[in-house]
Amino acid sequence: MKRLAIFLSLIIALPLFAFHSDPFPMGVYSYLQNSKSYYVKNKHAIIAAMKDLGYNINVIEIHNSDPNPSELLTLLDEAGIDAILTDKCWRNDPKDSRHYGLVALSTSNYHRFEAEFTSEKAVKPGDNTDHKFWYGNSDTIPRTGRVVKDEKASYSHAWHLNKNNDRAGWAYTDINYRWKDQRNLTIKPYFELRFHNRHLDAKTDTDSLYITYRLKLENIDPRLKESDRLLSIEIYGHEGRDHFGKKMTTVKEGLSQQKDRRHFTLADYKALGSPEGYFDLEYAISYNDLREAGIMSDDLDDNPDTSPHWWWFALRHFAPGLYWHGNSDLTLDYIDFEDQIHRDLRLNPREFKENINDRIRELIDIPGGHIVRYIYTMDEPQQGNLSALNMLREYVDESLPPLATATYDIHSRKFRMAKDQYWYYPQMVRDICQPPVMMPDAYPIVPATRYNPRDGRNFLQNMLDERLLTPYKNAKEYVLESPQREFIPIPQSFGDWNGRQWSSWMLPPLATQKALLFLPLCYAPDGLVYYQLLGTGDGDRGGSVAPIYMEGDGIAKFDKMYDLLKEHNPRILKTGEMLLDWHWLGATNYNVGKNKDLPAPIKYLRLKNDRKGDYAGYIQAGYYENDEGEKLMVLVNRRTDKYLPSKAHPTPATLPMAQYDEHYWEYPAQRLYFTFYVNANNPRLMNMESGEIYEPHKRKLELDIPAGEMLVLKFMQD
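Just so you know, the working numbering puts 275 at position 275 of the sequence shown, and the rest follows in order with no gaps.
Here's what the structure looks like:
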């Protein structure tokens, strides 16, 4: 059983300590820290709120300015709350343990771009629906050449240019997403490539971005002079968020160092020994040059009026342009992209492995450090960060807390690969990174969410299916492939209000919020970590909205949301613990009519259209079986809230929280009609929360389930 496996692993790994969050972590992102004055002043109140809400683990941070991390860890330990530790410390001095903080190290980039991928057209059968091959080469600046088979190439294919058949031109240009978006537009990566800001002073920044072209040159024109150019490199980008705007370039003429040279001449080729097969042509360009050109920026929201990001730089676009002068045959295998931190990690494995483990031990060996259950790496890693996560997992000793982070579900990047097949970011993460702790932060309640079936794909139930339940199902199935993996979803319990409307995410109305808390239990989670605890807005002024919020120098709470969590979190914790003794069989959705895919002794479950609103149905069900063959199901009523529009607020997107009661109407309970098999011997259902037994009359049983509520039923017969 999962509970036994987890218990045994904890005995082996940590024989002297049992976590407060055993056996079922029930947590929240608190972002508690012992550095910023607000958190220092209010840490006791924040910890008290977490304890009151029933959380046994939380995501915390430590920073360079934290004088005493042990103090916060000890306070949490005394409150019976474990930690998911986010080490945001950093020093450039390799002799300082903070040089090996895992957030900074995981905010590093490496990616290989196979040169033969151009468009959604497959290179090998099926790779045009392979999530990890997300990239192509844009025709904004057309390139010349074609795909050829080459068994010596990394993917058995390469991009080839022939001097007798092709005119001089670009062998590689802009990187873009391989498929068109829903508007049939080509989309470029925008800020997906993020870099840790190691040097706050640009004058001391010696870091570079390293571009390696794997290629071979053949049939070189014998008439060339040694100064003649074979290839030229131009690193550039395009302005615009997701479209191709004005071209930006970082190329500088006359760079003297071989690694920085823009032009590759015949003399350069000979200096390498005139290689006959594939060889690496490396080009390095400094971060300062990238920033000067506007390609690398700390203005992550594209708003010069807001503060720059203190932690990250990002590429607004990236194009490793390679120009071919047409006087040889060129075969381009791939282009490697690597930043300074990743390069240091890769080239110095012994140093980093030893010091990373020493850094983690330093943190968990301080008073209170034994409550650190996970080490949190870069939040929501992007494409370029996955290689670093793989490397860091190899470096960290198995006896230390495992690495974990949220997996971002990028719905702004939705691409249709084939019929009924869409590019799915978390699947790419699983394919490349295979994280042992799967933490999908799938938040379905956004400003576009609507509450009427006529609203199509934006209808609440469709949003739940696409943005929440499908990610849960995929993550759970992935976790089942290995007993060492854990499924810890991140339910939404927040919104983001800018003072006039909801931006990015919308605070769920109460019945919907309740359903969001219960729905993960249909998928056998190994724990839960809610996002988030502490908001920066009060529902009127702009900021994030959460159960408690910053009010002046103190904290206040949103009573309705706070009370809802306080009431139901203990139920969720108890049910989550109980389900560890059961094996997950799958999940489904029941709608109006006869639903027959239920285990014995139930023949079918009928849902009727109660005519109490715009629709009926949408009962989510998760199925379980224990070692004795007993069956159990978790039912959640997804029909929750109806929106009542007004002239001032025709959609929920502009509705302030203070007016929720006037505009949201909670649906009445739905009745479940169970019919049992004739030959079932004394069939009945047990409510696993209350212990109540429900016995049918003439093989029929009726149960009500309120909006957003959960029923945990065990199937019984003699």
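Quick reminder that beta carbons are idealized off the backbone N, C-alpha and C, glycines included. On a predicted model such as this, the values are computed, not experimentally measured, just so you know.
- Query: Smallest Cα separation from Leu-672: which of Asp-661, His-663, Lys-700 and Asn-681?
  - Reply: As a position in the sequence shown, residue 672 is number 672, starting the count at 1. The shortest C-alpha separation from Leu-672 is found at Lys-700.
- Query: Apart from the five residues just before and just after Pro-706, which ones in its own chain have a Cβ nearer than 6 Å to its Cβ?
  - Reply: Translated into the one-based positions of the sequence shown, residue 706 becomes position 706. Residues of the same chain with a CB within less than 6 Å of the CB of Pro-706, apart from the 5 flanking positions on each side, are Ala-669 in chain order.
- Note down, one range per segment and in chain order, each alpha helix (DSSP H) of at least 4 residues found wholly within the segment 112 to 184. If we require 4 residues or more, the segment 112 to 184 turns out to have no alpha helix (DSSP H) run fully inside it.
- Item | Assigned secondary structure, Thr-206 (DSSP; H/G/I helix, E/B strand, else coil) | On the sequence shown, position 206 is the one that residue 206 refers to. DSSP, reduced to helix, strand and coil, places Thr-206 outside both helices and strands of the structure shown, so it counts as coil.
- Message: For Gln-532, count the other beta carbons within 10 Å of its own beta carbon; 16 or more makes it buried, fewer makes it exposed. Which is it?
- Response: By one-based count along the sequence shown, residue 532 stands at place 532. So Gln-532 counts as buried.
- Item | Pro-320 - DSSP class collapsed to helix/strand/coil | For the purposes of this step, residue 320 is taken as the residue at position 320 of the sequence shown. DSSP places Pro-320 in the strand class (E or B) of the three-state scheme.
- Message: I'd like to know if the segment 191 to 200 and the segment 311 to 320 are in contact, where contact means that at least 3 CB-CB pairs between them fall below 8 Å.
- Response: The way I'd put it, the segment 191 to 200 does touch the segment 311 to 320; three or more beta-carbon pairs between them come closer than 8 Å.
- What's the call for Gln-33, buried or exposed, on a 16-neighbour Cβ count within 10 Å? Residue 33 sits at position 33 when you count from the first residue of the sequence shown. Buried, by the Cβ-count rule.
- If you draw a straight line from the C-alpha of Asp-627 to the C-alpha of Met-428, how long is it? What you label residue 627 is simply residue 627 of the sequence shown in a count that begins at 1. What you label residue 428 is simply residue 428 of the sequence shown in a count that begins at 1. One C-alpha to the other measures close to 34 Å.
- Closest by C-alpha distance to Phe-117, when choosing among Met-439, Lys-41, Arg-606 and Phe-133: Working through the sequence shown from its first residue, we reach residue 117 at position 117. If you compare the alpha carbons of Met-439, Lys-41, Arg-606 and Phe-133 with that of Phe-117, the shortest gap goes to Phe-133.
- Message: Whole angstroms are fine: how far does the CA of Glu-380 sit from the CA of Asn-390?
- Response: Within the sequence shown, residue 390 is the residue found at index 390, counting from 1. Within the sequence shown, residue 380 is the residue found at index 380, counting from 1. So the alpha carbons of these two residues sit roughly 15 Å apart.
- Given a cut-off of 8 Å, decide if Val-529 and Met-438 are closer than it, judged by their beta-carbon atoms. The count along the sequence shown starts at 1 and reaches residue 438 at position 438. The count along the sequence shown starts at 1 and reaches residue 529 at position 529. The answer is no: Cβ separation not under 8 Å.
- Query: Would you report the Cα separation of Leu-230 and His-263, rounded to the nearest angstrom?
  - Reply: Along the sequence shown, one-based indexing puts residue 230 at 230. Along the sequence shown, one-based indexing puts residue 263 at 263. About 8 Å.
- Query: Three-state secondary structure (DSSP) at Thr-588?
  - Reply: On the sequence shown, residue 588 is found 588 positions in, with the first residue counted as 1. In this structure, DSSP gives Thr-588 an extended state, which the three-state scheme calls strand.
- DSSP beta-bridge partners of Tyr-374: Here residue 374 corresponds to residue number 374 of the sequence shown, with the count starting at 1. For Tyr-374, the pairing in a beta bridge is given by DSSP as Ile-84.
- Measure the C-alpha to C-alpha separation of Arg-350 and Glu-61 and round it to an integer number of angstroms. On the sequence shown, residue 350 is found 350 positions in, with the first residue counted as 1. On the sequence shown, residue 61 is found 61 positions in, with the first residue counted as 1. Those two C-alpha atoms are separated by around 27 Å.
- Excluding five sequence neighbours on each side, which residues of the same chain lie with their C-beta closer than 8 Å to the C-beta of Tyr-38? Here residue 38 refers to the residue found at position 38 of the sequence shown. Cβ neighbours of Tyr-38 beyond the five flanking positions: Met-550 and Asp-553.
- Please determine if the segment 613 to 621 and the segment 490 to 498 are in contact, where contact requires at least 3 C-beta pairs separated by less than 8 Å. No, they do not touch.
- Task: Would you check if the distance between the CB atom of Ala-388 and the CB atom of Leu-345 is smaller than 8 Å?
- Result: Here residue 388 refers to the residue found at position 388 when the sequence shown is read from its first residue. Here residue 345 refers to the residue found at position 345 when the sequence shown is read from its first residue. Yes, they are a contact pair.
- Whole beta strand (DSSP E) elements within the segment 393 to 470, 3-residue minimum: You should have 406 to 408, 416 to 418 and 437 to 441.
- CB-CB under 7 Å to Lys-88, same chain, minus the five flanking residues each way: which ones, in chain order? In the sequence shown, counting from the first residue as 1, residue 88 sits at position 88. Around Lys-88: Glu-61, Ile-62, His-63, Gly-101 and Val-103.
- Query: Are the segment 144 to 155 and the segment 165 to 172 touching, with three or more C-beta to C-beta distances below 8 Å?
  - Reply: Contact holds: three or more Cβ-Cβ distances are below 8 Å.
- Query: Going along the chain, which residues of its own chain have a beta-carbon closer than 6 Å to the beta-carbon of Gly-277, five neighbours each way excluded?
  - Reply: For the purposes of this step, residue 277 is taken as residue 277 along the sequence shown, with counting starting at 1. Answer for Gly-277: Lys-216, listed in chain order.
- How far does the alpha helix (DSSP H) with Gly-384 in it reach, from first residue to last? The residue labelled residue 384 in the question sits at position 384 within the sequence shown. Looking at the DSSP string, Gly-384 is not in any alpha helix (DSSP H), and its letter there is neither H nor E.
- Would you kindly work out how many angstroms separate the C-alpha atoms of Asp-333 and Asn-197, rounded to a whole number? By one-based count along the sequence shown, residue 333 stands at place 333. By one-based count along the sequence shown, residue 197 stands at place 197. Their backbone Cα atoms lie some 31 Å apart in a straight line.
- Taking all protein chains shown into account, decide if Gly-245 is buried (16 or more other Cβ within 10 angstroms of its Cβ) or exposed. For this step, residue 245 is matched to residue 245 along the sequence shown. So Gly-245 ends up on the exposed side.
- Query: Skipping 5 residues on each side, what residues in its chain have a beta carbon closer than 8 Å to that of Asp-718?
  - Reply: The count along the sequence shown starts at 1 and reaches residue 718 at position 718. Cβ neighbours of Asp-718 within its own chain (closer than 8 Å, five residues either side excluded): Asn-681 and Asn-682.
- Message: Taking DSSP's pairing of strands, which residues face Asp-641 in a bridge?
- Response: For the purposes of this step, residue 641 is taken as residue 641 along the sequence shown, with counting starting at 1. According to DSSP, which records beta bridges pairwise, Asp-641 is partnered with Glu-666.
- Message: Helix, strand or coil for Val-636? Go by DSSP, reduced to three states.
- Response: For the purposes of this step, residue 636 is identified with residue 636 of the sequence shown, where counting begins at 1. It is a strand residue.
- Consult DSSP for Gln-532 and reduce its assignment to one of helix, strand or coil. The residue labelled residue 532 in the question sits at position 532 within the sequence shown. Gln-532 falls in the coil class under three-state DSSP.
- Message: Just to confirm my understanding: we take Gly-708, look at its own chain, exclude 5 residues before and 5 after, and list those with CB closer than 7 Å. What are they?
- Response: The residue you call residue 708 lines up with position 708 of the sequence shown. Result list for Gly-708: Ala-511, Thr-512, Lys-514, Ala-515, Asn-637 and Thr-640, in chain order.
- Query: Taking C-alpha atoms, which residue in Tyr-624, Met-561 and Met-417 lies nearest to Gln-182?
  - Reply: If you number the sequence shown from 1, residue 182 lands on position 182. Check the Cα spacing between Gln-182 and each of Tyr-624, Met-561 and Met-417: the tightest is with Met-417.
- Query: Ends of the alpha helix (DSSP H) at Gln-620?
  - Reply: Start at 1 with the first residue of the sequence shown, and residue 620 comes out as number 620. No alpha helix (DSSP H) holds Gln-620; the beta strand (DSSP E) holding it covers 619 to 625.
- Message: Only counting the same chain, and skipping five residues up and downstream in sequence, which positions put a Cβ closer than 6 Å to that of Arg-467?
- Response: Counting from one through the sequence shown, the residue named residue 467 turns up at place 467. The beta carbon of Arg-467 lies closer than 6 Å to those of Ala-442 and Pro-444 in the same chain, with the five residues before and after it left out.
- Nearest-angstrom Cα separation, counted from Ala-267 out to Glu-226: By 1-based counting over the sequence shown, the position of residue 226 is 226. By 1-based counting over the sequence shown, the position of residue 267 is 267. Their backbone Cα atoms lie some 5 Å apart in a straight line.
- What's the gap between the Cα of Leu-469 and the Cα of Leu-322? On the sequence shown, position 469 is the one that residue 469 refers to. On the sequence shown, position 322 is the one that residue 322 refers to. One C-alpha to the other measures close to 43 Å.
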